[in-house]
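Residue numbers (my numbering): 52 to 663.
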């Protein structure tokens with residue numbers, strides 16, 4: 052370990068070996084799986100290039116100011132999330148507890164994603180790829196469920212998840228996913244075993260390797276047929292979408308969650324910095340690299356999706372051509388992909404009724420691009436299907452899943468740091484227990500709780516945790532953070548601290564954001580989110596083979612008891628904020644009464660009446 056320093060309370064505290072380790076760790080924590088699959092999906096959903104306008108506005112007025120605030124306050128007070136807010140005011144200790152709870156809950160399902168990535172990575176070495184063809188039910192027949200769907204869907208929903216028809220049916224634990232989950236937690240533990248000493252070494256690989264793979268994919272993807280169509284679909288702006296308030300809401304939440312704000316990990320990481328570090332430059336660097344990575348990742352992703360749409364469009368036309376040639380006697384004139392449109396136009400003009408009876412599919416390439424999935428579907432369904440069509444598909448599959456694992460692993464470091472550092476700062480670890488053992492116990496407990504995601508209904512529960520733990524709680528925590536610094540700690544005092552650390556006071560832009568703009572934006576986003584959620588009963592896509600339109604998923608409403616759990620997950624992390632404040636108020640009141648009335652019970656009426 053490198054040199055140590057002291058916090059504001061005087062205790063020894065570890066430091067990063069060098070500035071590069073710190074920056075790579077913060078970048079790795081901020082840049083995660085959401086940059087690869089959620090940001091491109093939002094661009095595709097909300098008018099391509101038009102989405103960048105609200106996204107950049109949210110980055111400038113919400114994301115960067117909050118990022119700067121967390122890095123600066125952690126560096127100044129040299130404590131984890133609980134210690135920082137306790138130092139500012141004992142009444143704010145619950146804010147740090149809330150961050151710790153969110154980090155713990157998020158790490159549970161986030162590492163399950165890494166388990167799924169490992170499962171696909173192990174299978175990426177098979178020839179052919181196991182999601183390329185349907186398995187045989189008998190010697191001559193393929194499995195019907197796979198034929199009704201697709202091999203890619205079948206491998207994801209049946210072989211990987213063995214998903215149940217709805218969330219109320221748990222299904223058995225999947226032993227293969229349990230082994231992958233144990234492997235994922237073991238890797239996290241090995242990299243995290245000595246805190247920032249081992250994290251600082253691991254991030255040299257986990258934070259840089261994804262950029263190498265993205266660059267390789269970029270070069271290859273741009274040469275694929277259909278890549279231009281994918282990029283045009285991604286970046287062609289549809290300005291009308293900006294009139295939809297949900298676009299602005301999703302842009303604000305995306306930049307907020309993408310930067311990993313309010314988790315406590317960034318505060319913990321910055322607390323290991325030397326006191327004179329330029330935290331303003333760090334915030335600008337980490338924030339801009341995070342957003343640039345989202346844009347950079349979108350180019351190869353949508354180039355490959357364009358290639359997939361191009362292949363699907365060609366296959367669609369081939370099926371239509373087969374139907375047309377069986378219906379019409381075209382003699383020696385063959386219908387090909389090149390003259391398909393002209394032939395179809397001529398036949399529609401002459402034999403419209405007969406063509407209509409054939410029920411030909413719409414083979415427009417844009418219609419296939421619109422079918423792009425979000426979230427896990429983009430990685431485990433859409434992208435894996437595109438990889439099948441690429442020459443050397445095993446190589447591309449291996450690279451893709453190594454990249455995803457590296458992105459997720461570096462984010463896990465921040466999630467776990469957001470749990471471990473507050474516990475250490477509060478002396479919650481027994482003195483007789485080595486830190487390495489305590490970290491191991493934390494990983495074992497997390498693995499045990501995360502077994503819920505390895506059941507047949509595990510994917511449904513993972514989506515619930517993702518949607519409700521990583522939404523309202525973070526907005527509430529961030530709001531209290533910025534209010535605490537700007538109005539309780541004091542913007543003048545905070546500005547003087549920054550001047551002491553960086554050599555100059557924050558300019559008027561930062562101060563205006565901290566005192567007015569950012570809190571107002573957080574409040575508006577919070578209210579808008581709650582209103583939208585309250586207006587409709589939430590639903591989830593159920594993979595039900597009995598559904599009439601199988602293999603399409605069926606939207607089902609959450610049962611009341613599941614919806615109650617959703618509400619609980621949204622509110623549970625926030626509960627410590629008022630509880631700790633109330634506890635401290637009662638504690639201080641009792642202490643004050645005892646000082647004023649030594650030897651008397653402060654709750655006896657006589658004591659209070661005598662004061663009056």
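Built from N, CA and C at the ideal position, the CB exists for glycine as well.
Going along the chain, which unbroken runs of the beta strand (DSSP E) with 3 or more residues stay wholly within the region 521-560?
none
Do you know offhand how far residue 577's Cα is from residue 362's?
42 Å
Relative to the C-alpha of residue 129, which candidate in 560, 320, 530 and 142 has its C-alpha closest?
320
With respect to the beta strand (DSSP E) encompassing residue 605, which residues constitute its N-terminal and C-terminal limits?
605-608
Thinking C-beta only, is residue 120 closer than 8 Å to residue 565?
With respect to the 8 Å criterion, residue 565 and residue 120 are classified as neighbours on the basis of their beta carbons.
With a Cβ-Cβ cutoff of 8 Å, do residue 430 and residue 118 count as a contact?
no
Residues in its own chain within less than 6 Å of residue 352 by CB, not counting five upstream and five downstream?
91
Determine the DSSP secondary structure at residue 592, reduced to helix, strand or coil.
Looking at residue 592 - three-state DSSP - the assignment turns out to be strand.
Taking the alpha-carbon positions, what's the residue 643 to residue 554 distance?
41 Å
Please state whether DSSP places residue 314 in a helix, a strand or coil.
coil
Should residue 220 be labelled buried (16 or more other beta-carbon atoms within 10 Å of its own) or exposed?
exposed
Do the region 492-505 and the region 172-184 meet, that is, are 3 or more Cβ pairs less than 8 Å apart?
no
Residue 274 to residue 264 span [Cα, whole Å]
Rounded to whole angstroms, residue 274 to residue 264 spans 16 Å at the Cα level.
For residue 158, which of 375, 631, 461 and 438 has the nearest alpha-carbon?
461
Cβ-Cβ distance between residue 459 and residue 212 below 8 Å:
With contacts defined by Cβ atoms closer than 8 Å, residue 459 and residue 212 do not form a contacting pair.
Would you decide whether residue 636 is buried or exposed? Buried here means 16 or more other CB atoms lie within 10 Å of its CB.
Classification of residue 636: exposed, given that the 10 Å Cβ count is below 16.
Which runs of the alpha helix (DSSP H) fall wholly inside the region 406-454 and span at least 4 residues, in chain order?
416-420 and 434-439
Going residue by residue through the region 276-300, where are the continuous alpha helix (DSSP H) segments of at least 4 residues, counting only ones entirely within it?
278-286
What is the rounded straight-line gap between the Cα of residue 253 and the Cα of residue 259?
10 Å
Please report how far the alpha carbon of residue 528 lies from the alpha carbon of residue 151, in whole angstroms.
11 Å
Considering residue 623, what are the terminal residues of the alpha helix (DSSP H) in which it resides?
Membership of residue 623 in any alpha helix (DSSP H) is not indicated, and neither H nor E is assigned to it by DSSP.
Are the region 475-492 and the region 195-211 touching, with three or more C-beta to C-beta distances below 8 Å?
no
Is residue 572 buried or exposed, if buried means 16 or more other CB atoms sit within 10 Å of its CB?
buried
My guess is that residue 623 and residue 330 are in contact by the Cβ rule of under 8 Å, so how many angstroms apart are they, rounded?
Contact doesn't hold; Cβ gap of about 31 Å is too wide.
Decide if the region 105-115 is in contact with the region 302-319; the criterion is three or more beta carbon pairs, one per stretch, under 8 Å apart.
yes
DSSP state of residue 220, grouped into three classes?
Collapsing the DSSP output to three states places residue 220 in coil.
Pair within 8 Å by beta-carbon distance, residue 323 and residue 81:
no
Which of helix, strand or coil does DSSP assign to residue 258?
coil
Apply the 10 Å Cβ neighbour rule to residue 414 and answer buried if 16 or more other Cβ atoms are within range, or exposed otherwise.
buried
Taking residue 411 as the reference, which of 417, 398 and 420 has the closest Cα?
With distances taken between CA atoms, residue 411 lies nearest to 398 out of 417, 398 and 420.
How is residue 665 classed by DSSP in three states: helix, strand or coil?
Nothing about residue 665 can be read from this structure; the chain reaches only from 52 to 663.
By the three-class DSSP mapping on this structure, what secondary structure does residue 679 have?
Limits of the chain in this structure are 52 at one end and 663 at the other, which puts residue 679 out of reach.
Can you name the start and end residues of the alpha helix (DSSP H) that residue 331 belongs to?
330-378
Taking residue 340 as the reference, which of 648, 83 and 626 has the closest Cα?
The residue from 648, 83 and 626 with its alpha-carbon nearest to that of residue 340 is 83.
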